[in-house]
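Student: Counting in our numbering, the sequence shown runs from 1 upward without gaps. Yeah, the Cβ is synthetic: ideal placement off N, Cα and C, and Gly gets one too. Note that the structure is predicted; figures quoted are calculated from it, not measured. Take this structure, written in structure tokens, and hold onto it; I'll ask about it next.
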Amino acid sequence: MPRSVLYTSSPLLASKTPVWRSKFIVAGLALGFAVLAGRAAWVQVFGNDFFRRQGEVRFARTLELPANRGRILDRNGLLLATSVPSPSIWAIPEDVERDKVKLAQLAKLLEMTPAELGKKLEDEDKTFVWLKRQVDEPVAQQVAALGLKGIYQRKEYKRQYPEGEAAAHVVGFTNVEDRGQEGVELAFQQDLAGRPGSRRVIKDRLGRIVEDVGTQVPPVDGHDLQLSIDSKVQFFAWQKLRDAVAEHKAKAGSVVVLDAQTGEVLALANYPSYSPARRQNLTGAQLRNRALTDTFEPGSTMKPFIAALALQKGLVHADTPIQTAPGRIAIGGSTITDAHPHGVLTVAQVIQKSSNVGTVKMAMQMAPRDMWDLYTEVGFGHKPQVPFPGAVSGRLRPHKTWKPIEQATMSYGYGLSASLFQLARAYSVFARDGELVPVTMLKAQAPAPGVRVFEAGHAQDVRKMLHMAAGPGGTAQKAQTMGYSVGGKTGTAHKQEGRGYADKKYRGFFVGMAPIEQPRIVVAVMIDEPSAGKYFGGDVAAPVFSATVQQTLRMLGVQPDMNVKPQVVVDAVEESF
Numbered sequence: 001m002p003r004s005v006l007y008t009s010s011p012l013l014a015s016k017t018p019v020w021r022s023k024f025i026v027a028g029l030a031l032g033f034a035v036l037a038g039r040a041a042w043v044q045v046f047g048n049d050f051f052r053r054q055g056e057v058r059f060a061r062t063l064e065l066p067a068n069r070g071r072i073l074d075r076n077g078l079l080l081a082t083s084v085p086s087p088s089i090w091a092i093p094e095d096v097e098r099d100k101v102k103l104a105q106l107a108k109l110l111e112m113t114p115a116e117l118g119k120k121l122e123d124e125d126k127t128f129v130w131l132k133r134q135v136d137e138p139v140a141q142q143v144a145a146l147g148l149k150g151i152y153q154r155k156e157y158k159r160q161y162p163e164g165e166a167a168a169h170v171v172g173f174t175n176v177e178d179r180g181q182e183g184v185e186l187a188f189q190q191d192l193a194g195r196p197g198s199r200r201v202i203k204d205r206l207g208r209i210v211e212d213v214g215t216q217v218p219p220v221d222g223h224d225l226q227l228s229i230d231s232k233v234q235f236f237a238w239q240k241l242r243d244a245v246a247e248h249k250a251k252a253g254s255v256v257v258l259d260a261q262t263g264e265v266l267a268l269a270n271y272p273s274y275s276p277a278r279r280q281n282l283t284g285a286q287l288r289n290r291a292l293t294d295t296f297e298p299g300s301t302m303k304p305f306i307a308a309l310a311l312q313k314g315l316v317h318a319d320t321p322i323q324t325a326p327g328r329i330a331i332g333g334s335t336i337t338d339a340h341p342h343g344v345l346t347v348a349q350v351i352q353k354s355s356n357v358g359t360v361k362m363a364m365q366m367a368p369r370d371m372w373d374l375y376t377e378v379g380f381g382h383k384p385q386v387p388f389p390g391a392v393s394g395r396l397r398p399h400k401t402w403k404p405i406e407q408a409t410m411s412y413g414y415g416l417s418a419s420l421f422q423l424a425r426a427y428s429v430f431a432r433d434g435e436l437v438p439v440t441m442l443k444a445q446a447p448a449p450g451v452r453v454f455e456a457g458h459a460q461d462v463r464k465m466l467h468m469a470a471g472p473g474g475t476a477q478k479a480q481t482m483g484y485s486v487g488g489k490t491g492t493a494h495k496q497e498g499r500g501y502a503d504k505k506y507r508g509f510f511v512g513m514a515p516i517e518q519p520r521i522v523v524a525v526m527i528d529e530p531s532a533g534k535y536f537g538g539d540v541a542a543p544v545f546s547a548t549v550q551q552t553l554r555m556l557g558v559q560p561d562m563n564v565k566p567q568v569v570v571d572a573v574e575e576s577f
């Protein structure tokens with residue numbers, strides 16, 4: 001049997017412990033519990049707000065629920081821009097599995113080198129880093145299939161543009177945050193964007209949602225937008241413009257197509273262009289919406305306005321003879337000439353032959369104020385009322401500052417500047433029997449009321465003159481169109497550089513309408529710096545007008561009003577400029 005131990009026999013146990021020591025230990029324990037209780041009370045009661053905020057900072061997140069951006073449609077309901085789900089890939093660097101094979105596969109899927117991926121993941125103190133925004137769905141599925149720890153996906157939307165380069169300057173594009181940057185996407189950002197929703201959640205350190213907090217706010221999707229643009233007309237106009245720029249080795253070009261009855265913009269095309277879906281290394285030359293942002297001296301396209309104003313004021317009739325011989329006229333020490341001397345011309349023939357001398361003789365019978373009022377009334381010198389960023393007003397100086405030679409040159413389009421869009425809209429005054437139609441980029445439900453500028457009879461007289469200018473003996477015979485009667489005016493202008501004009505640099509343009517008796521469309525074409533030998537508007541711009549008119553009227557269901565072929569003469573009359 002084990003021997004019992006007598007604890008009292010131990011000298012250590014037998015010694016008496018001072019009373020103060022036990023009291024000190026008990027007091028210390030009591031104080032410790034009091035401190036802990038006080039700290040617990042502070043954390044849970046008095047300082048609760050601070051610690052709750054700290055917890056929320058670390059684990060509570062407000063997740064944005066993205067709204068689906070509204071679609072952009074053409075006048076027939078065809079898609080010009082739409083949003084599709086496009087996951088974005090992100091990571092928590094410190095949690096990423098360092099499997100070299102899988103990481104190499106991930107880098108390849110995300111179209112980056114392993115070194116680039118490694119650089120994104122090298123800072124392990126970060127709890128969030130984007131690897132690639134808005135990847136295609138198949139790519140996202142392959143990334144998920146790798147099963148890499150620490151790699152996550154977030155649902156986002158990516159914008160797609162089915163019409164590509166053809167409609168780029170109309171539609172524009174959005175950035176990676178789905179905000180409009182150019183074109184309609186920027187102009188109608190508020191309507192298209194909608195309103196994102198929100199969801200308050202608690203996440204663990206791995207980014208997993210463990211609890212919903214508060215009420216979820218659902219997103220409000222953006223509104224669809226239906227434009228006046230006809231995507232088929234837009235593509236055809238852009239295609240013909242592209243071919244003309246290549247054929248004439250030009251720097252650039254633009255086309256504007258307006259519905260003369262409703263004021264709707266059916267096409268607005270520029271070349272060079274860009275693909276809205278692939279915007280790497282874009283230049284200003286590609287992004288610029290030249291039809292609205294570039295201004296030029298409109299040249300001979302201004303002559304019909306002078307003829308119309310002279311008719312309106314009773315100074316002339318369509319058959320009033322004007323002596324243009326010997327093909328030049330001196331004003332204020334300067335001499336204005338015609339490309340070819342013509343002798344006596346009627347007012348109608350002045351427009352047909354594009355005579356500077358005949359136009360100046362009509363203009364100098366008027367007060368400068370009369371010309372300025374007309375130019376202002378048809379929109380020159382004013383910014384077009386379209387919601388596009390970058391649209392310009394052009395230049396039209398106050399009439400009080402005009403010298404006689406300046407009034408003379410302004411009558412045939414020098415000394416003022418305008419955009420191609422302004423020029424197209426101004427010509428609607430002839431297509432609408434003297435009414436100026438307001439233009440719109442949105443589909444119109446009914447014809448727009450116009451503003452009366454000329455009497456209907458005078459506008460119709462000028463329209464007949466424009467028909468002559470596009471016929472035999474005119475400057476724009478290449479504007480004639482199979483099956484449809486057309487009318488319009490050519491223009492050729494030296495390009496300005498600094499305070500003077502560039503040597504052998506021109507812009508050729510043409511503005512016209514069809515069918516001539518009851519015009520349905522107005523088309524304006526500009527070719528910038530053609531360098532293949534031809535530069536007159538009748539040679540470089542009129543053929544684009546012809547092709548665009550024929551295709552557009554057929555698409556609109558307008559019946560042909562001519563049964564004969566265009567009467568094109570090889571040696572067309574050159575316009576004065």
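1. Within 10 angstroms of the Cβ of H340, are there 16 or more other Cβ atoms? Answer buried if so, exposed if not.
2. Per DSSP, K489 forms a beta bridge with which residues?
3. Touch check for the region 291-302 and the region 414-432: three-plus C-beta pairs under 8 Å?
4. Classify F128 as buried or exposed, calling it buried when 16 or more other Cβ atoms lie within 10 Å of its own Cβ.
5. Which value, in whole angstroms, describes the spacing of the CA atoms of K443 and A310?
6. Starting from the N-terminal side, write out each stretch of the beta strand (DSSP E) that is 3 residues or longer and does not extend beyond the region 134-200.
7. Measuring CA to CA, which of N356, K504, H317 and M441 is closest to E529?
8. Taking Cβ positions, are A408 and A348 nearer each other than 8 Å?
9. I'd like the list of long-range same chain contacts for Q323, defined as Cβ closer than 7 Å, with 5 residues on each side in sequence excluded.
10. DSSP three-state call for N356: helix, strand or coil?
11. Straight-line CA distance for F236 to I351?
12. Let's see if you can read the secondary structure: which residues bound the beta strand (DSSP E) around G253?
13. Just confirm the distance between the C-beta atoms of S275 and G164, as a whole number of angstroms; I'd bet it's less than 8 Å.
14. Are the CB atoms of D319 and A267 nearer to each other than 8 Å?
15. Quick one: what does DSSP say S531 is sitting in, helix, strand or coil?
16. Kindly provide the ranges of any beta strand (DSSP E) runs that are 3 or more residues long and lie completely inside the region 312-387, ordered along the chain.
17. Check whether the region 378-392 touches the region 491-501, taking contact to mean three or more Cβ pairs, one atom from each stretch, closer than 8 Å.
18. Ordered along the chain, which non-local residues of its own chain (more than five positions away) have a Cβ less than 7 Å from that of L556?
19. With a CB to CB cut of under 8 Å and the five nearest residues on each side skipped, what residues in its chain are close to T346?
20. Just the C-alpha distance for G473 and L227, rounded to the nearest angstrom, thanks.
21. For the alpha helix (DSSP H) that W20 lies in, which residues bound it at each end?
22. Would you call the region 425-439 and the region 509-526 in contact, with 3 or more CB pairs under 8 Å?
23. Just the C-alpha distance for A144 and S88, rounded to the nearest angstrom, thanks.
24. With distance defined between alpha-carbon atoms, name the residue in S354, T492, G172 and V316 nearest to R71.
25. Within 10 angstroms of the Cβ of W372, are there 16 or more other Cβ atoms? Answer buried if so, exposed if not.
26. Below 8 Å on the Cβ atoms is my contact criterion, and I expect F430 with A459 to pass it. Report the Cβ-Cβ distance as a whole number of Å.
27. Taking the C-alpha atoms as reference points, what is the distance between D224 and L73?
28. Considering I405, what are the terminal residues of the alpha helix (DSSP H) in which it resides?
29. Looking at the structure shown, is R499 part of a helix, part of a strand, or coil, going by DSSP?
30. Quickly, what does DSSP pair A91 with across the bridge? List them, please.
31. Using C-beta distances below 7 Å, list every residue in its chain close to L146, excluding the 5 sequence neighbours before and after it, in chain order.
32. Give the C-beta separation of S83 and R159 to the nearest angstrom, bearing in mind that I take them to be a contact with Cβ-Cβ under 8 Å.
33. Let me check one thing: in DSSP terms, what residues is V217 bridge-paired to?
34. Under three-state DSSP, which class holds V570?
Tutor: This is what the structure gives:
1. H340 should be labelled exposed.
2. V511
3. Between the region 291-302 and the region 414-432 there are three or more C-beta pairs closer than 8 Å, enough to call the two in contact.
4. exposed
5. Whole-angstrom Cα-Cα distance: 36 Å.
6. 151-154 and 157-160
7. K504
8. When the beta-carbon positions are compared, A408 and A348 stay at least 8 Å from each other.
9. Taken in chain order, the residues that qualify are V344.
10. helix
11. 30 Å
12. A252 to D259
13. Confirmed, about 5 Å.
14. no
15. Coil, per DSSP.
16. 321-323, 328-331, 334-337 and 344-346
17. no
18. R520
19. A318, D319, T320, P321 and I322
20. 40 Å
21. V19 to A41
22. yes
23. 12 Å
24. Residue G172 holds the alpha-carbon nearest to the alpha-carbon of R71 among S354, T492, G172 and V316.
25. buried
26. 5 Å
27. 7 Å
28. P404 to S411
29. Three-state result, R499: coil.
30. DSSP links A91 through a beta bridge to V129 and I151.
31. K102, Q105 and L106
32. 6 Å
33. S198
34. Interpretation of V570 is limited by its pLDDT of 47, a score under 50 that renders its predicted location unreliable; the figure taken from the coordinates is listed afterwards. Here V570 sits in coil by DSSP.
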